[in-house]
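A.B. asks: Let me give you the structure first, and then I'll get to my questions.
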């Protein structure tokens, strides 16, 4: 199956899309199948079931919908919120800001707690903010892809359950599901939204999400109809229930090939030789190696010192350029060496740092040696750029 | 590349998803690429340009968005309509009904002209309806996938231009673009929405659309903001303009692999040995052969006699079961013979007919002989079911 990889393929080490394994690519090239075919129906149904396993959410309702990860924000705003609802948004980068904008678009009222670049809001700030108003929901970006800041979701949900137990907890797991440990049921997450092209390890194009029983009850007891059509759970819920019961149903044509790819990846994640617990451990190990390697080169993380211990992602690393160097000094030299890193994305610092993704097969399959390769190539690129460790 | 086709792959002859050519499947298995990569940017940009060619719409603004075809209705309702706007919906099946429901969800007011099963509204009915109110827009389902009824879009737009020239013309081309002739600019279509899994010949998962200069002006002069976030052209327009100018931009991660597949198929459609005009002609020829073959077997189309001449699709055929036969007598026997047909879908007649798709490679590539195969297998299945031509 190595025929998929052209000789000039560059190693994709950005925080999504990530490298995709050959068996998943082959599944994405599945011959065309009817969305109602008896061969396809169980593939869809099993994929729904496996999503619950990945998020440790046995009681939840899964959704697989054609769309980018961004669509998950709309699904939350359209189905769980109503006009005038107050929502607390914990922001650690670009994606918190955008989630707040999405919420406001549909008429709910976001209040943001914004951490400075490379930090996260303290537990005291969060507790204090939660006490200011009766919030219908609080949103957490588990890992903000723009900064690599990791939130301690378990700790935040504990505060919410203590201070305002009626407040729904909405978790943006786009850059965390599959690479960070998540226990949706045990932590009390009400809605977990994510996408296909990061820790799940397939090409982009699927909006994935899971809703708790409480979230579904909130949806069912809305006083106004959902504020969208394509995004309405009224339309999707019967479809998801039908496929899980192994019968077809129709609202919109599901993206059959991406669902074959999803099924293949979820099978590996839930039944492969590497258990989910081991998968998370491998992400932590790889992350430590990358962060240690960065430090050894004399480079600094974007993350502030107070966040570096427990507040940084295990699936990506944001790295400051050395003083006097910029993107054009480093990233093209990495590309020449066959490695793609991501540029900065935070509005206040985007020219000051680059981003390395280390998720999925790149860290789970040791034979690839992707982490060794990127650290080696980075050292070479820096040297060619004239950088000397101080 | 025939390795993609398993020996047990059944010929998929439903009105979407359709059979996908091997080069497109291979493109869908492209190694993972960054959405901002200098290799991917022109693939996205050229795809936007080729969409204009397929719809003969040089003046239009194209959009490629991750989503099912259904998302195109939301894009129309969110960006072109505002609360209270009156919209005339010309309905020839399931999809007209659903489009009306989508429009109502966002607060505009649909008025439907509903044709009886297997017919289309007459030009007199349409003209009369257009004179009743000042409509912001009229929607036409070019081919309603549930019935195979084809609207004469050129004739309808002529009526609109004469009776109410300010009314926007919105065309649902999900089951027509690529299989039916469309001249968006010349006919005066303001918004054409479609999907990837029918005449475009790639797997499902892309919402494709084109907006006329007048549609973009209508959008820019809205008195209220667009009623969605993921669906807002405010977000997508800068992205589409950037990629067409061969620079990356970000709102949501584009479905890179599906865009490689789209690019591959659009290249064939616009630059391949079969011209677009020949492609449409091949669809007309294949359609005639299927419809003649059906008639030779003594079967009847769902289309009423008054529609059979010019009012039926060239990419699909809806066929009534012979008297005394039902879906379970025929469709499983087709599947046993390696051919997948679609069941009925119109709410008033869904158990009375089945649907045959004949689009894309199945009719453009004569070496496949797909039309011969399905007619032959249908004759065998009918005989096994005990059917005798009367």
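Residue numbers (this note's numbering), protein chains in the order written: chain A, 17 to 406; chain B, 17 to 406.
Glycine included, C-beta positions come from ideal geometry on N, C-alpha and C.
#1: Which of helix, strand or coil does DSSP assign to residue 82 of chain A?
#2: With 8 Å as the threshold, decide whether the Cβ of residue 213 of chain A is near any Cβ in chain B.
#3: DSSP three-state call for residue 17 of chain A: helix, strand or coil?
#4: When you check each C-beta in the segment 60 to 90 of chain A against every C-beta of chain B, which residues fall closer than 7 Å?
#5: Would you call residue 293 of chain B buried or exposed, if buried means 16 or more other Cβ atoms sit within 10 Å of its Cβ?
#6: Name the two residues that bound the continuous alpha helix (DSSP H) containing residue 111 of chain A.
#7: Roughly how many whole angstroms lie between the Cα atoms of residue 143 of chain A and residue 175 of chain A?
#8: Could you have a look at residue 126 of chain B and say whether DSSP puts it in helix, strand or coil?
#9: Suppose the cutoff is 8 Å on Cβ atoms and the five residues either side in sequence are ignored; what does the same chain contact list for residue 247 of chain B look like?
#10: Pull up the distance between the alpha-carbon of residue 341 of chain A and that of residue 129 of chain A, whole angstroms please.
#11: Does DSSP put residue 210 of chain A in a helix, in a strand, or in coil?
#12: Under 7 Å Cβ to Cβ from residue 36 of chain A, same chain only, skipping five residues before and after it: list those, please.
#13: Determine the direct distance from the alpha carbon of residue 315 of chain A to that of residue 178 of chain A, and round the result to whole angstroms.
#14: Any beta carbon of chain B sitting closer than 8 Å to that of residue 111 of chain A?
#15: Could you confirm whether any beta carbon from chain B is found closer than 8 Å to the beta carbon of residue 126 of chain A?
#16: For the beta strand (DSSP E) holding residue 369 of chain B, just list the boundary residues, first then last.
#17: Measuring only the C-alpha atoms, how far is residue 356 of chain B from residue 59 of chain B?
#18: Compare the beta carbon distance of residue 73 of chain B and residue 206 of chain B with 8 Å and say whether it is the shorter of the two.
#19: I'd like to know if the segment 228 to 240 of chain B and the segment 42 to 53 of chain A are in contact, where contact means that at least 3 CB-CB pairs between them fall below 8 Å.
#20: How about residue 244 of chain A: is its C-beta nearer than 8 Å to some C-beta of chain B?
#21: Cutting at 8 Å between CB atoms, please list the residues of its own chain near residue 114 of chain B, excluding the five before and the five after it.
#22: Which partner residues does residue 29 of chain A have in the DSSP bridge list?
#23: Alpha carbon to alpha carbon, how far is residue 260 of chain B from residue 53 of chain B?
#24: By the 10 Å Cβ neighbour count, where 16 or more other Cβ atoms means buried, how is residue 28 of chain B classified, buried or exposed?
#25: So which residues on chain A does residue 53 of chain B lean against when the C-beta distance must stay under 7 Å?
#26: Run down chain A in chain order and give the residues with a C-beta less than 7 Å from the C-beta of residue 45 of chain B.
#27: Strictly below 8 Å CB to CB, what residues from chain A border residue 50 of chain B?
#28: Going straight from the alpha carbon of residue 19 of chain B to that of residue 263 of chain A, what length do you get?
#29: Consider the Cβ of residue 95 of chain B: report whether some Cβ of chain A lies at a distance smaller than 8 Å.
#30: Quick check: residue 221 of chain A and residue 274 of chain A, are their CB atoms within less than 8 Å of each other?
#31: Span of the alpha helix (DSSP H) holding residue 343 of chain A?
#32: Give the residues of chain B in contact with residue 36 of chain A, contact being defined as C-beta atoms less than 8 Å apart.
#33: If contacts are defined as beta-carbon pairs under 8 Å, then residue 335 of chain B and residue 369 of chain B qualify, I think. What distance do you get, rounded to the angstrom?
#34: On the three-pair Cβ rule with 8 Å, is the segment 188 to 195 of chain B touching the segment 208 to 217 of chain B?
#35: Taking DSSP as the reference, what is the three-state secondary structure of residue 148 of chain B?
#36: Taking Cβ to Cβ, would you say residue 152 of chain B is nearer than 8 Å to residue 107 of chain B?
C.D. replies: Checking against the coordinates, here is how it stands:
#1: The answer is strand: DSSP assigns residue 82 of chain A an E or B state.
#2: Flagged as an interface residue toward chain B: residue 213 of chain A, by a C-beta distance shorter than 8 Å.
#3: The predicted position of residue 17 of chain A is uncertain, since its pLDDT is 36 and thus under 50; a value taken from the coordinates is nonetheless stated next. Residue state, collapsed to three classes: coil.
#4: Listed by position along the chain: 82, 83, 84, 85, 86, 87, 89, 90.
#5: Counting C-beta atoms within 10 angstroms of its own C-beta, residue 293 of chain B has fewer than 16 neighbours from the protein chains shown and is therefore classed as exposed.
#6: Segment 110 to 121, the alpha helix (DSSP H) holding residue 111 of chain A.
#7: Spanning the two alpha carbons is a distance of roughly 6 Å.
#8: Three-state DSSP puts residue 126 of chain B in a strand.
#9: Excluding residues within five positions, the ones whose Cβ falls inside 8 Å are 87, 90, 91, 94, 95.
#10: Going by the C-alpha atoms only, they are around 32 Å apart.
#11: Looking at residue 210 of chain A - three-state DSSP - the assignment turns out to be strand.
#12: Closer than 7 Å at Cβ, skipping near neighbours: 217, 218, 219.
#13: Annotation: residue 178 of chain A to residue 315 of chain A spans about 40 Å, alpha carbon to alpha carbon.
#14: So, not an interface residue.
#15: Closer than 8 Å: no.
#16: Its beta strand (DSSP E) spans residues 369 to 373.
#17: Using only the alpha carbons, I get a separation of about 33 Å.
#18: Result no, Cβ atoms of residue 73 of chain B and residue 206 of chain B do not sit closer than 8 Å.
#19: In the pairwise beta carbon analysis, the segment 228 to 240 of chain B is classified as not touching the segment 42 to 53 of chain A: fewer than three pairs are separated by under 8 Å.
#20: Using a CB distance cut-off of 8 Å, residue 244 of chain A counts as an interface residue toward chain B.
#21: For residue 114 of chain B, where only same-chain residues beyond five positions count, the Cβ hits under 8 Å are 86, 89.
#22: For residue 29 of chain A, which the question treats as bridged, DSSP gives the partners A/34.
#23: Distance between the alpha carbons of residue 260 of chain B and residue 53 of chain B: 14 Å.
#24: Under the 10 Å beta carbon count, residue 28 of chain B is surrounded by 16 or more other beta carbons and is classified as buried.
#25: Ordered by position in chain A, the residues that pass the 7 Å Cβ test against residue 53 of chain B are 356.
#26: Chain A residues near residue 45 of chain B: 20, 41, 42, 44, 45.
#27: The answer, in chain order, is 28, 30, 33, 356, 358.
#28: Residue placement at residue 19 of chain B cannot be trusted, given a pLDDT of 48 that sits under 50; the coordinates are not used to answer.
#29: At a cut-off of 8 Å between C-beta atoms, residue 95 of chain B does not count as an interface residue with respect to chain A.
#30: The Cβ atoms of residue 221 of chain A and residue 274 of chain A lie closer than 8 Å to each other.
#31: The continuous alpha helix (DSSP H) containing residue 343 of chain A extends over residues 343 to 352.
#32: The answer, in chain order, is 47, 48.
#33: Contact holds; Cβ gap of about 6 Å.
#34: Touching, per the Cβ criterion.
#35: Here residue 148 of chain B sits in coil by DSSP.
#36: The answer is no: Cβ separation not under 8 Å.
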